[in-house]
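Notes for the one structure printed next.
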Amino acid sequence: MTPDEQPLAVELPEAVHALLDAADANGLLRDGESLAAGLVDAGWTPEVESGRFGSDGWDLLASAWAPSVSVFFEGDTASVRARALAVASVLRTTTGSLRTEGPDWSGWAVDDERWDAHEIDWLEGTARGVVMHLYTAGETDAGPGTLPAHLHLSLAHTDTPSEGLPRDDERSRRVVREGSVVERWFLVGERELPDDVIAALEDDPDSRVRAAAESERGYRGRTVDGASPTS
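Residue numbers (the numbering used here): 168 to 398.
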């Protein structure tokens, strides 16, 4: 890219900047309590659903097992690419360098022809014990409809397996018995929970946990029935 070919500049929400500033394996991603408190401090608003937060049109899904964050933004292709480039710029500053198995698109202009000529891959950087991945894609066909252009930013411990931590039923039961409200709220969204844990969460003494469990039950029902969970 020449000096005259600068990417379209956009202002990222302060919550996105604050999230990346706070990304630390021994801080934000230490445990569920630190994760929830850190996200709120960064300007993210918790939603009813387990692990879900939002800010200025951006969506965030957090997990406490192991502590990790996925951030999403959808829109038209130009606006999504502009935001992906802005995030990439922050990541490069934060991590010092970015790696990718494909072309390094972090310095392209929004309307660069290479977006459509190359297979776009993840950008990856590491800082403070956290591996950060960034991906973006334009509008794509998906069955009878289309998926909108989107970006996906993920933050996780460098030593967390790519497939996540294995199922641990005893830990789940311990969280139900002894965990805080925040820990139980996060637990609701974990995959493959034992039936007794699901029942306990649906009957939790805290209304926030019960509401999240009810929402999760509806999600599971739509998924089992074959309907889109976002419908």
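Note that CB positions come from ideal geometry on N, CA and C, so glycine has one too.
(request) Alpha carbon to alpha carbon, how far is L368 from D191? Give it in angstroms, no decimals. (result) Spanning the alpha carbons of D191 and L368 requires a straight line of approximately 30 angstroms.
(request) Locate the alpha helix (DSSP H) running through W232, then write down its first and last residues. (result) Taken as a continuous stretch (DSSP letters only), W232 belongs to no alpha helix (DSSP H), as it is neither H nor E.
(request) Leaving aside the five residues before and after A182 along the sequence, list all residues of the same chain whose C-beta is less than 8 angstroms from its C-beta, in chain order. (result) A209, G210, W211, S222, D223, W225
(message) Taking 8 angstroms as the cut-off, does the stretch 236 to 246 touch the stretch 312 to 322 (at least 3 CB pairs, one atom from each stretch)?
(response) yes
(message) If you follow the alpha helix (DSSP H) that R338 is in, where does it begin and where does it stop?
(response) 336 to 345
(request) Can you give me the start and stop residues for the beta strand (DSSP E) that S136 sits inside? (result) With the chain covering 168 to 398 only, the question about residue 136 has no answer from this structure.
(request) Could you check what DSSP says for H285 in three-state terms: helix, strand or coil? (result) coil
(message) Please state the DSSP three-state secondary structure of R219.
(response) strand
(request) Would you list the residues sitting across from H184 in a DSSP beta bridge? (result) For H184, which the question treats as bridged, DSSP gives no partner whatsoever.
(request) Within the same chain, show all residues whose beta-carbon is closer than 6 angstroms to that of A378, passing over the 5 residues directly before and after it, in chain order. (result) Around A378: V215.
(message) Whole angstroms are fine: how far does the CA of A204 sit from the CA of R197?
(response) Distance between the alpha carbons of R197 and A204 is about 11 angstroms.
(request) Return helix, strand or coil for L179, following the three-state DSSP convention. (result) The three-state secondary structure of L179, taken from DSSP, is coil.
(message) Helix, strand or coil for A366? Go by DSSP, reduced to three states.
(response) helix
(request) Look at the alpha carbon of T260 and the alpha carbon of P270, and state the distance between them as a whole number of angstroms. (result) The straight-line gap from Cα to Cα measures roughly 19 angstroms.
(request) Reducing DSSP to helix, strand and coil, say where L252 ends up. (result) helix
(request) Can you check DSSP and say which residues form a bridge with T225? (result) In the sequence under discussion, the amino acid at residue 225 is Trp, which differs from the Thr named in the question. DSSP lists S222 as partners of W225.
(request) Determine the contact status of S230 and G242, defining contact as a CB-CB distance below 8 angstroms. (result) no
(request) Please confirm whether L206 and L227 have their CB atoms less than 8 angstroms apart. (result) Pairing L206 with L227 gives a Cβ-Cβ distance under 8 angstroms.
(message) Which residue wins for smallest C-alpha separation from L290, given the options G263, R351, M299, E359?
(response) M299
(request) Please state if the CB of L179 and the CB of V277 are separated by a distance shorter than 8 angstroms. (result) no
(request) Return the CA-CA distance between R347 and V376, expressed in angstroms with no decimal places. (result) Note that residue 347 is Ser in the sequence shown here, rather than Arg. Straight-line Cα distance between these residues: approximately 10 angstroms.
(message) Taking the alpha carbon of P372 as the reference point, which residue from R344, T244, R358 has its own alpha carbon closest?
(response) Taking only the C-alpha atoms, the option nearest P372 is R344.
(request) Decide if R266 is buried, meaning its Cβ has at least 16 other Cβ atoms within 10 Å, or exposed. (result) With fewer than 16 other Cβ atoms within 10 Å, it is exposed.
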